[in-house]
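Student:
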Amino acid sequence: REYAEQTDTASVTADFAVSLDKAIVATSNPGTGAGEFDPTLNDVTIGETVTYHLTVTLGEGTQRLSVTDALPAGLEVLSATVFSVGGSISGNLLGVGAVGVIAGQTVTFDFGSAVTNRGDNIADANDTIVMEVVARVRDIASNTAGTTLTNNASASSDTGTGTTAAPPQTVEVVAPDLSITKSVDHL
């Protein structure tokens with residue numbers, strides 16, 4: 055029996071979702087601690103540095119990737135570098151130690167349009183890129199005791215959901231409470 059040639063087409067849409075997390079990993083003055091005003095926030099003082107890690111987790115496949123970190127006016131960016139790149143990721147323009155672009159209060163890491171996560175169907179550290187941003191609490195009039203400084207970040211990709219925001223990270227400014235006692239010594 056002979057069969058007529060038949061063709062069929064199908065399209066498949068894959069969702070290579072990108073996720074972004076942000077965490078405070080260190081401050082330069084452990085003595086400031088937390089809880090002066092809000093017990094859920096890290097306390098910082100003028101001149102103290104805060105180290106943030108932005109961790110982007112890539113879906114499998116090739117994608118364009120850019121990560122932006124927007125710091126509030128009360129923080130000054132000191133450095134922004136790529137901290138680590140997962141073993142399954144290749145094709146990115148920025149390797150470990152590469153510097154992000156700092157423009158005022160904004161840091162941008164542009165990894166390019168051919169970032170590939172060859173993947174293994176397991177979501178783990180091999181699928182992540184970690185960036186480190188270090189900022190100093192500025193000595194400006196608005197940074198008074200109780201002021202909160204919220205840092206926001208987002209990852210942009212041409213796959214999945216497009217732009218993904220990280221949970222914001224907030225610190226609160228504390229200041230010394232000085233008192234001076236004066237006494238007279240009569241000899």
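Numbered by my numbering, the letters in the sequence shown go through residues 55 to 241 in order.
Built from N, CA and C at the ideal position, the CB exists for glycine as well.
Since the structure is predicted, the reported quantities are computational estimates derived from the model, not experimental observations.
#1: Where does Q223 land, buried or exposed, given buried means 16+ other C-beta within 10 angstroms?
#2: From the DSSP secondary-structure annotation, give me the bridge partner or partners of K76.
#3: Kindly indicate the opening and closing residues of the beta strand (DSSP E) around T162.
#4: DSSP state of T86, grouped into three classes?
#5: With DSSP run on the structure shown, which of helix, strand or coil describes A179?
#6: What does a CB cutoff of less than 8 Å around G128 pick up in its chain, not counting 5 residues either side in sequence?
#7: Looking at the strands, I want to know which residues DSSP matches up with N96.
#8: Could you please give the first and the last residue of the uninterrupted beta strand (DSSP E) stretch that includes E130?
#9: Rounded to whole angstroms, what's the CA-CA distance from A71 to T160? Just pull it up for me.
#10: Across the stretch 147-155 and the stretch 87-94, are there enough close Cβ pairs to call them in contact, namely three or more that are closer than 8 Å?
#11: Taking the CB atoms as reference points, tell me whether L112 and V169 lie closer together than 8 Å.
#12: Would you give the residue range spanned by the beta strand (DSSP E) that I156 belongs to?
#13: Tell me whether S208 sits in a helix, a strand or coil according to DSSP, three-state version.
#14: Hey, could you find the ends of the beta strand (DSSP E) S120 is sitting in?
#15: Considering only their Cβ atoms, is the gap separating T217 from Q117 smaller than 8 Å?
#16: Which residue from K236, N206, A189 and S211 puts its Cα closest to that of E102?
Tutor: The answer reads as follows:
#1: Taking the first residue of the sequence shown as 1, we reach residue 223 at position 169. That one is buried.
#2: Residue numbering aside, residue 76 sits at position 22 when the sequence shown is read from its first letter. Its beta-bridge partners are L108.
#3: Working through the sequence shown from its first residue, we reach residue 162 at position 108. Element bounds for T162: T160 to N171.
#4: Position 32 of the sequence shown holds residue 86. DSSP places T86 in helix when its eight states are reduced to three.
#5: Indexing the sequence shown from 1 puts residue 179 at position 125. A179: helix per DSSP, three-state reduction.
#6: On the sequence shown, position 74 is the one that residue 128 refers to. When the five nearest sequence neighbours on each side are left out, the beta carbons in the same chain lying within less than 8 Å of the beta carbon of G128 are those of V191, R192, I194, S196, N197, T201, L203 and V227, in order along the chain.
#7: Within the sequence shown, the letter at position 42 stands for residue 96. Bridge partners of N96 according to DSSP: A88 and V225.
#8: Reading the sequence shown from its first residue, position 76 is the one you call residue 130. Looking at the DSSP string, the run of the beta strand (DSSP E) that includes E130 is L129 to V139.
#9: Here residue 71 corresponds to residue number 17 of the sequence shown, with the count starting at 1. Here residue 160 corresponds to residue number 106 of the sequence shown, with the count starting at 1. Each residue's CA atom was taken as its position, placing A71 and T160 some 24 Å apart.
#10: Here the stretch 147-155 does not lie against the stretch 87-94, with fewer than 3 beta-carbon pairs under 8 Å apart.
#11: Position 58 of the sequence shown holds residue 112. Position 115 of the sequence shown holds residue 169. The Cβ atoms of L112 and V169 sit closer than 8 Å to each other.
#12: For the purposes of this step, residue 156 is taken as residue 102 along the sequence shown, with counting starting at 1. In the DSSP assignment, I156 falls within the beta strand (DSSP E) that extends over V155 to A157.
#13: Counting from 1 along the sequence shown, the entry for residue 208 is found at position 154. Of the three classes helix, strand and coil, the one that applies to S208 here is strand, per DSSP.
#14: On the sequence shown, residue 120 is found 66 positions in, with the first residue counted as 1. Counting along the chain, the unbroken beta strand (DSSP E) around S120 starts and ends at G115 to A124.
#15: Walking along the sequence shown from the start, residue 117 turns up at place 63. Walking along the sequence shown from the start, residue 217 turns up at place 163. Against a cut-off of 8 Å, the Cβ pair of T217 and Q117 comes out as no contact.
#16: On the sequence shown, position 48 is the one that residue 102 refers to. For the residues K236, N206, A189 and S211, the minimum Cα distance to E102 belongs to A189.
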